[in-house]
Each structure stands twice: as structure tokens, then as C-alpha cells.
Amino acid sequence: MTGRAANPGSPGAVEGLTGTTALVTGASRGFGRAIATALSGVGAHVVGVARDQARLDDLRDELGDTFTPVVAEATDPDTAARLIGEHRPHTLVLNAGAAPLLRPLHHQTWETFSRNWEVDVQQVFHWVREALLRPLLPGSTVITMSSGAAINGSPLSGGYAGAKATIGFMTSYAAAESKREGLGITFASVLPKLTPATELGASGVAAYAERQGVDLGSFLEALGSTLTREQVGTSVVDLAAGHHLHQDTYLLTPTGLAPLG
Ligand SMILES: NC(=O)c1ccc[n+]([C@@H]2O[C@H](COP(=O)([O-])OP(=O)(O)OC[C@H]3O[C@@H](n4cnc5c(N)ncnc54)[C@H](OP(=O)(O)O)[C@@H]3O)[C@@H](O)[C@H]2O)c1
Numbered sequence: 023m024t025g026r027a028a029n030p031g032s033p034g035a036v037e038g039l040t041g042t043t044a045l046v047t048g049a050s051r052g053f054g055r056a057i058a059t060a061l062s063g064v065g066a067h068v069v070g071v072a073r074d075q076a077r078l079d080d081l082r083d084e085l086g087d088t089f090t091p092v093v094a095e096a097t098d099p100d101t102a103a104r105l106i107g108e109h110r111p112h113t114l115v116l117n118a119g120a121a122p123l124l125r126p127l128h129h130q131t132w133e134t135f136s137r138n139w140e141v142d143v144q145q146v147f148h149w150v151r152e153a154l155l156r157p158l159l160p161g162s163t164v165i166t167m168s169s170g171a172a173i174n175g176s177p178l179s180g181g182y183a184g185a186k187a188t189i190g191f192m193t194s195y196a197a198a199e200s201k202r203e204g205l206g207i208t209f210a211s212v213l214p215k216l217t218p219a220t221e222l223g224a225s226g227v228a229a230y231a232e233r234q235g236v237d238l239g240s241f242l243e244a245l246g247s248t249l250t251r252e253q254v255g256t257s258v259v260d261l262a263a264g265h266h267l268h269q270d271t272y273l274l275t276p277t278g279l280a281p282l283g
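Here my numbering is used: the first residue of the sequence shown is 23, the next is one more, and so on.
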């Protein structure tokens, strides 16, 4: 097992995913858009789910017929059932996530504290449940987006870190159920390091810099090298192609994927 990501354009990856269907939630921007682009780049047909029609249409213009935009709420159980039934994805990437309210604990309300439970965790619950119950075809892969915050905590993000840790647990539980029932579905969670490369990450970086009383440049220098959206896209393709799948939890840093535990 190596911590390095293989080239997603390599023949193995392309052979494995060409002509298959992938479904990506949160495809309208950030990591999800990069993941959809990378999957489309290796020949998968990508169904992209998000609420912002204009941004999905823009991605459709960029990727052409290999991309099907679906404007929908990723936390809706009926949407999960309908889209899994219609598309039977070979690769399912549960990436959609709410931007946490960036305030210390005592300046949160219960509603803001629980935002990532209502969106991120609820989404993973409905889609993973559907993937197991339907079930997806043997050989399918389900990838969930957790966060490095699941290990390190995120004191300015309310319940974000706990929600992301729960997504990691849920993914491991699903992997065990798949094995137990002989379904042949692989489940893996990815824990990316904080990066300013997306709207969510940029807000987080700005809030932590302000909290520490340093300017953005100094904060980023201390943070070290940061992930690009493209690295996230190629790493998810790599997992979907089965190159790393000997474990169900992976840290993702600028040096690539590394199995956790
Ligand atoms: N950026 C980081 O540093 C970082 C680090 C670790 C983990 N993550 C995780 O990576 C994932 C992607 O984050 P990002 O940084 O790319 O954030 P982002 O730029 O804010 O994108 C979030 C995506 O999720 C979609 N989304 C949010 N709520 C949704 C809902 N209820 N239904 C459908 N789609 C929804 C958004 O689309 P619409 O608004 O169009 O619906 C958007 O496409 C998240 O789960 C995040 O927690 C990010």
C-alpha cells in the first residue's frame, strides 16, 4: 500500500472507468466540480447533483454530453432513491457539504452548530442506506467526503468536525455490511486537509487566520503546501479505479492519498 496517488490518466484507471456511470453530489463548484471533471476525463459518464442550476449548466457546457446535471437537494431521501434507481452508478461520490458558520462554540445556535449534521451526515445516511438496500451492482465504489477536521477538530466550525468523523464511521460500517452480505460494493471515506482552493475552504482559512491574529499570507505559509481542486479530483478517480482500495479511510494531503489507521 502506497500513499502516492497513481496517475488517473493511466491505462488501468481509464480501462476501469471508461463507459461507466458516476454520480457526484455537490458537483456545482469546488471539489465536486473537479471530481466530476476528472471522472469525465477518464471516460465516465457523470451525473452531477447540486442546487445551483446555473453552475451545473456551466459545467455541462464545459464537459458536454458526458455530463448530466441534476438540480436537487442531496439530503432528500426520495432523490437518493430515485437517482440511484435510475442511474445505478458504478461510482458514487457523496461530496456535497454545507459551509459551517465560522464562530466559536458559544456564538453558535443549535441550528448553526448542527448544520453539517443536517446536510453532510443526513446526505451520507440516505445515499449509503440506499446503496446497500438496493443494492448497487457488485464492483461499485462509494466514496464519502469526510475531512482532516475529523481527526484534528475545528473549533470555529460548530459541529463540523464531529459530523465529518461520523461520516467516516458510517462509511466503515457500510464497508463491513457490504462484506458481511457479500455485496461486492467498496466504501471509502476521504479526509482532505484544509485548503483555500474552494469557497468553503477559503472562508475557513480566513476565519482561522483572523482568530490567530495573523494575516492570510502568514497563515497560509504556516499551513504549508495546500491541496488543489485538481488533486482532489485525480485522487478520487484513483480510488474509484480501485488503485488504493485496501482500506476504507484515507487522508488526502498535497502528497497524495494515505490510508489511515
Ligand atoms: N475545502 C476544504 O478545505 C475541505 C477540506 C475537507 C473536507 N471538505 C469537504 O469537501 C466537500 C466539498 O467541499 P468544497 O470545499 O468543495 O465546498 P464548496 O465549494 O462550498 O462546495 C460545496 C458543494 O456542495 C453542494 N451542496 C451543499 N449543500 C447541498 C445540498 N443540500 N444539496 C446538494 N448540494 C449541496 C454545493 O452546491 P449547491 O450550493 O449548488 O447546492 C457545492 O457544489 C464538503 O463535504 C466539505 O466539507 C472540504
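Backbone N, C-alpha and C fix where the C-beta goes; we use that ideal spot for every residue, glycine too.
Approximately 16 Å separates the beta-carbon atoms of Thr163 and Ile189; this is outside 8 Å, ruling out the contact. Residue pairing from DSSP places Leu279 in a beta bridge opposite Leu274. The alpha-carbon of Gly278 is positioned some 13 Å away from that of Gly170. Under the criterion of beta carbons closer than 8 Å, Thr134 and Leu123 qualify as touching, at roughly 4 Å. Take the alpha-carbon of Leu249 and the one of Thr220: they are about 10 Å apart. Looking at the DSSP output, Met167 sits in a beta bridge with Val212. Going by DSSP, Leu81 is part of the alpha helix (DSSP H) stretching over Gln75 to Leu85.
Counting C-beta pairs with one atom in each stretch, the segment 179 to 193 and the segment 51 to 70 have fewer than three that are closer than 8 Å, which means they do not touch. The beta carbon of Asp237 lies closer than 7 Å to those of Ala231 in the same chain, with the five residues before and after it left out. Between the alpha carbons of Ala210 and Gly235 lies a gap of roughly 37 Å.
The beta carbon of Thr217 is closer than 7 Å to those of Gly223, Thr248 and Leu249 in its chain, skipping five residues each way along the sequence. Here DSSP, grouped into helix, strand and coil, assigns Ala262 to helix. Between Ala198 and Leu39, the gap from beta carbon to beta carbon reaches 9 Å or more. Taking C-beta atoms as the reference points, Ser200 and Thr271 fail to come closer than 9 Å. Taken through DSSP and simplified to helix, strand or coil, Pro177 comes out as coil. Judged by beta-carbon spacing, Ala72 lies within the 9 Å limit of Ala118, meaning their Cβ atoms are closer than that value. Counted as a single uninterrupted DSSP element, the stretch harbouring Ala44 is not any alpha helix (DSSP H) but the beta strand (DSSP E) occupying residues Thr43 to Thr47. Note on geometry: alpha-carbon atoms of His109 and Gly239 lie some 44 Å from one another. At least one heavy atom of ligand 1 lies less than 8 Å from the C-beta of Gln145.
Distances between the C-beta of Asp74 and the heavy atoms of ligand 1 include at least one below 8 Å.
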